[in-house]
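Single-structure report; data block below.
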């Protein structure tokens, strides 16, 4: 994951858990303060992701999304922006199509598919450990 370390934790009661970085949460607030739209597109169908997005006030959240490029195209039309204006960070094979279509592509430093695609930027931080914050800082510093 980009927002997580890709591990799932299970309690003795069968509850699933994930850990998120507060650095990544702060990055979301920083982007939104500058008027940058933040969206989550994940193939996972998880109440955990929805709860995290609600805490961070992310309006565009799509779980169980298996056609990410189609969804992103919808969002570019909704917000009247071009694909060239989109920055996207991904980490696995289900992100490849979008990574190749956007203006600025990034991948978490621990992505298992760095040999399959060369993004514009590879984070030094790993997913779940500030990769999204590093990505956001690049965007904010470019403005």
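Residue numbers (the numbering used here): 10 to 152.
Ideal placement from N, C-alpha and C gives every residue a C-beta, glycine not left out.
I'd like the ranges of any beta strand (DSSP E) spanning at least 3 consecutive residues and lying wholly in the stretch 107 to 134. DSSP runs (the beta strand (DSSP E)) wholly in the stretch 107 to 134: 113 to 116.
State yes or no: is the C-beta of residue 52 within less than 9 Å of the C-beta of residue 75? Closer than 9 Å, so yes.
Residue 71, buried or exposed, once every other Cβ within 10 Å from all chains shown has been counted against 16: The residue in question, residue 71, is buried, as its Cβ has 16 or more Cβ neighbours within 10 Å.
Measuring CB to CB, does residue 99 end up less than 9 Å from residue 107? Yes. Within cutoff.
Whole-number beta carbon distance between residue 13 and residue 27, since they are thought to touch under 8 Å: The pair is a contact, with the Cβ atoms about 5 Å apart (cut-off 8 Å).
Three-state class that DSSP yields for residue 102 in the structure shown: Of the three classes helix, strand and coil, the one that applies to residue 102 here is helix, per DSSP.
Could you have a look at residue 97 and say whether DSSP puts it in helix, strand or coil? Strand at residue 97.
Can you tell me whether residue 11 is buried or exposed, with buried defined as 16 or more other CB within 10 angstroms of its CB? Looking at its Cβ environment, which holds 16 or more other Cβ atoms inside 10 Å, residue 11 is buried.
Look up residue 18 in the DSSP assignment and say whether it is helix, strand or coil. Strand at residue 18.
Residues sharing a beta bridge with residue 12, DSSP: For residue 12, which the question treats as bridged, DSSP gives no partner whatsoever.
Determine the DSSP secondary structure at residue 69, reduced to helix, strand or coil. Taken through DSSP and simplified to helix, strand or coil, residue 69 comes out as strand.
Label residue 132 either buried or exposed according to how many other C-beta atoms from any shown protein chain fall within 10 Å of its C-beta, with 16 as the threshold for buried. Counting Cβ neighbours within 10 Å, residue 132 comes out buried, since at least 16 surround it.
Just grab the DSSP bridge partners of residue 26 for me. Bridge partners of residue 26 according to DSSP: 18.
List the whole-angstrom C-beta distance separating residue 96 from residue 113, where the pair is believed to meet the contact cut-off of C-beta under 8 Å. The pair is a contact, with the Cβ atoms about 4 Å apart (cut-off 8 Å).
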